[in-house]
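Residue 109 in the UniProt record's numbering sits at position 109 of the sequence shown; the count goes up by one each step and never skips.
Even for Gly, the Cβ is constructed at its ideal location relative to N, Cα and C.
The next block holds one structure in the form of structure tokens; read it before the comments.
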Amino acid sequence: MTHSSMKSFRDTVEAVVVALILAFIIRAFIVQAFKIPSGSMLETLQIGDHLLVTKFAYDVRLPSTIWLDTTDGKVLAKVGDPERGDIIVFKYPNDESVDFIKRVIGLPGETLEIRNKVVYINGQPIEEPYTRHTKADRRPVRDDFGPVKIPEGEYFCMGDNREGSHDSRFWGTVKRSKIVGKALVIYWSWGSLTDIRLGRIGTTFN
Numbered sequence: 001m002t003h004s005s006m007k008s009f010r011d012t013v014e015a016v017v018v019a020l021i022l023a024f025i026i027r028a029f030i031v032q033a034f035k036i037p038s039g040s041m042l043e044t045l046q047i048g049d050h051l052l053v054t055k056f057a058y059d060v061r062l063p064s065t066i067w068l069d070t071t072d073g074k075v076l077a078k079v080g081d082p083e084r085g086d087i088i089v090f091k092y093p094n095d096e097s098v099d100f101i102k103r104v105i106g107l108p109g110e111t112l113e114i115r116n117k118v119v120y121i122n123g124q125p126i127e128e129p130y131t132r133h134t135k136a137d138r139r140p141v142r143d144d145f146g147p148v149k150i151p152e153g154e155y156f157c158m159g160d161n162r163e164g165s166h167d168s169r170f171w172g173t174v175k176r177s178k179i180v181g182k183a184l185v186i187y188w189s190w191g192s193l194t195d196i197r198l199g200r201i202g203t204t205f206n
């Protein structure tokens, strides 16, 4: 191998290593990609939407693979608090190897109740223009729930597709430490090779 080819090979290896390091840093600290696998967030999120989720909306933390003393990662700085209406990705409480995406509905310390599909916070109904109802029947837990007081440091999360979502009504609240990040933007969306939804690309979430 000539000197020039050796140099070219070394440059290529260095470029690959730098790219891998940057990809690790971006995924660990900044953004992470997620695909929507179910209809629990219809109509806001469609099956086949691909999202970027910002990981520093609430906390800046070391990845758990670096900070071995905790499965959640050590918090380096608190940036903000989840707000009602935020769409978040979190570790499913019953199986933390699975990521769920839902909307924050109830905040720490609040009392939440559902009466005939309407959510009440501290006794007052809240406006939820994003919800989707597909069934007129009325069932306990799904449509009538609580009242419950949300523990400090935890959040009550629900899917927008209320009759088609497995959420905090069934498995409880989400701990802040289990929140992965906040939905940022749809970077790709398709239902199939012949159903590429260009109009959804670039959709952002406050």
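Item, Value
"At least three beta-carbon pairs within less than 8 angstroms, the region 176-190 to the region 44-55", "yes"
"Collapsed DSSP secondary structure at R103 in the structure displayed", "strand"
"Spatial neighbours of P37 in its chain, beta-carbon cut-off 8 angstroms, leaving aside the 5 residues before and after", "I47"
"Under the three-state DSSP convention, the category F205 falls into", "coil"
"Where L154 falls, given that 16 or more other Cβ within 10 Å makes a residue buried", "Per the sequence presented here, residue 154 reads as Glu, with Leu not at that position. Buried is the call here."
"Neighbour-count burial assignment, V98, 16 or more Cβ in a 10 Å radius", "exposed"
"Closest by C-alpha distance to S177, when choosing among P93, G109 and L184", "P93"
"Opening and closing residue of the alpha helix (DSSP H) in which R169 lies", "S168 to W171"
"Buried or exposed by the 16-neighbour rule on C-beta atoms within 10 Å, applied to P82", "buried"
"Cβ neighbour criterion (16 or more within 10 Å) applied to T2", "exposed"
"Alpha-carbon spacing of V60 relative to Q32, whole angstroms", "14 angstroms"
"Local Cβ density within 10 Å of G106, reported as buried at 16 or more and exposed below that", "buried"
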